[in-house]
Structure formats: C-alpha cells, structure tokens
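In the working numbering, the protein residues as written are 1 to 191. The C-beta atom is built at its ideal place from N, Cα and C for all residues, glycine as well. No experiment lies behind these values; they were computed from the predicted model shown.
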Amino acid sequence: MSDTSDQNPFGKCVEWMKKSEEPDGINPFSSCLIDACNNDGPALKKIVCSALEEFEEQCVENGYAPPEKNDWRNITSCSLPESQKCQENEEYVEMEVDVLTLVSRQIRRTCTDVDIAGCQCKKGYVREGDKCVPYSECGCMMQGRYYPQGTSILSKNCNVKMSCKLVGGTPVAVKVGNSCGKGETCKSPKE
C-alpha cells in the first residue's frame with residue numbers, strides 16, 4: 001500500500017500526517033514506517049497491523065476518516081483483533097454509518113457515533129438488545145415498553161388486551177379483544 005496512491009484508503013490522512021509533527025519532531029506517518037522497518041519475522045505483521053489500527057484512529061480523530069468502503073484490512077491481510085470479532089448475523093464495517101439499534105418501526109433510531117469501525121447487523125437483520133435478528137422476529141412497543149412477539153398485555157385500566165403479532169411481515173401491536181371474559185375480574189398485578 002503506497003503512501004498517497006489513490007488505492008490507499010488513508011491517502012488524504014497520510015498527506016496531512018506528513019505535514020504534522022509529534023513532540024519528538026517525527027511525523028506520525030514516519031513513526032509508523034520506522035516501527036515497521038525496525039522489525040522483521042513473525043512479529044512484523046502484528047506490529048504493522050497494530051500501527052495501522054492506531055493510524056486509522058488518529059486519522060479519524062483528526063477529520064481524515066477513510067472512505068466508507070474502506071477495506072484496508074483486506075489489502076494488508078490484517079485480521080480483526082479477537083475483541084472485535086462479530087457475533088452471529090453481524091459483519092465488521094470499517095466505518096459504521098447507519099446502524100439500526102432498536103427494533104420495530106415505532107422505535108427505530110440510528111447511532112450517533114458514525115466515525116468508528118465496528119460490528120453492525122447484516123442486511124435484513126436489526127439489533128434487538130445485544131444481538132441481530134431478522135426484522136420479522138422483532139417485538140413491539142406497547143404502553144411505552146418493548147415486548148417480544150407473542151406477548152399479550154392488558155391496558156392499565158384493564159379495558160383492552162393487546163398482543164404483539166407479525167402482520168404482513170411487520171411486528172405490530174394489535175388489539176385482540178376485551179381484557180376479561182364474562183364473570184371475570186381484572187386486577188392489576190400490584191393489587
């Protein structure tokens with residue numbers, strides 16, 4: 001990966017770094033090259049990959065984020081650290097831009113941390129708690145709380161029974177009838 005070529009995902013950052021200096025008078029890019037050149041053998045790849053991770057962090061912190069479709073790990077064969085391995089139905093993305101963090105159309109939100117790399121749900125999946133599930137398996141918001149599909153609840157005044165169901169491929173809260181049958185009494189669990 002040459003320092004400022006069009007193929008280098010850090011090209012603009014390298015240009016900036018060559019103009020800046022660390023307290024010891026060496027610019028961060030040169031420092032990275034020195035680290036790589038002073039090592040060889042099996043440790044070299046680990047050192048270079050670690051330096052590139054720090055390099056990316058410095059670039060992002062200073063407004064020189066790599067392009068959205070950044071694939072420097074593939075170009076350099078640097079694998080993800082164990083701490084960054086993704087879970088089932090997730091994939092690692094260098095620049096996390098639009099991440100669905102909560103489920104159900106009623107509570108969709110996107111991350112505000114857009115300048116970091118990380119795991120996000122694969123296409124067709126959404127985040128539910130700490131895992132990615134198919135959208136069709138999401139729950140619903142009922143009375144201001146999230147409930148899994150199949151859950152039924154009573155309204156606070158016991159007049160309406162709601163259930164979280166899949167309707168047309170979308171999880172929705174639907175009214176499933178009156179809360180109590182003939183001869184039954186509705187009481188709040190707190191009573």
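Can you check whether the CB of residue j is closer than 8 Å to the CB of residue i?
i      : j      : result
Cys119 : Glu90  : yes
Cys132 : Cys121 : yes
Ser152 : Ser163 : yes
Gln149 : Pro134 : no
Tyr64  : Lys12  : yes
What span of residues does the beta strand (DSSP E) with residue i cover, start to end?
i      : result
Ser163 : Val160 to Val167
Gly118 : Gly118 to Cys121
Tyr146 : Arg145 to Tyr147
Tyr125 : Tyr125 to Glu128
Put residue i into one of helix, strand or coil per three-state DSSP.
i      : result
Pro171 : strand
Tyr135 : helix
Ser152 : strand
Cys13  : helix
Cys59  : helix
Glu91  : strand
Val176 : strand
Cys140 : strand
Arg108 : In this prediction, Arg108 has a pLDDT of 42, which is less than 50 and means its spatial position is unreliable; nothing more can be read from the coordinates.
Leu52  : helix
Leu80  : coil
Buried or exposed for residue i, please, with buried defined as at least 16 other CB atoms from any protein chain shown within 10 angstroms of its CB.
i      : result
Gly41  : exposed
Cys138 : buried
Ala43  : exposed
Glu128 : buried
Val167 : exposed
Cys37  : exposed
Counting only the same chain and skipping the five closest in sequence on each side, list residues whose C-beta sits under 8 Å from that of residue i.
i      : result
Cys78  : Lys45, Val48, Cys49, Leu52, Glu53 and Trp72
Lys161 : Ser152, Ile153, Leu154, Ser155, Lys175, Val176, Gly177, Asn178 and Ser179
Got a sec, what are the start and stop residues for the alpha helix (DSSP H) residue i sits in?
i      : result
Glu184 : Unbroken run through Glu184: none, as it is neither H nor E.
Asn74  : Trp72 to Thr76
Output needed for residue i: all residues of its chain with C-beta closer than 6 Å, excluding positions within five of it in sequence on either side, in chain order.
i      : result
Tyr146 : Gly139
Asn39  : Ile47
Taking CB distances under 8 Å as the criterion, tell me whether residue i reaches chain C.
i      : result
Val160 : In the displayed structure, chain C is absent; only one protein chain is listed.
Can you give me the Cβ contacts of residue i inside the same chain, cut-off strictly under 7 Å, excluding the 5 residues immediately before and after it?
i      : result
Lys85  : none
Gly169 : Ser136
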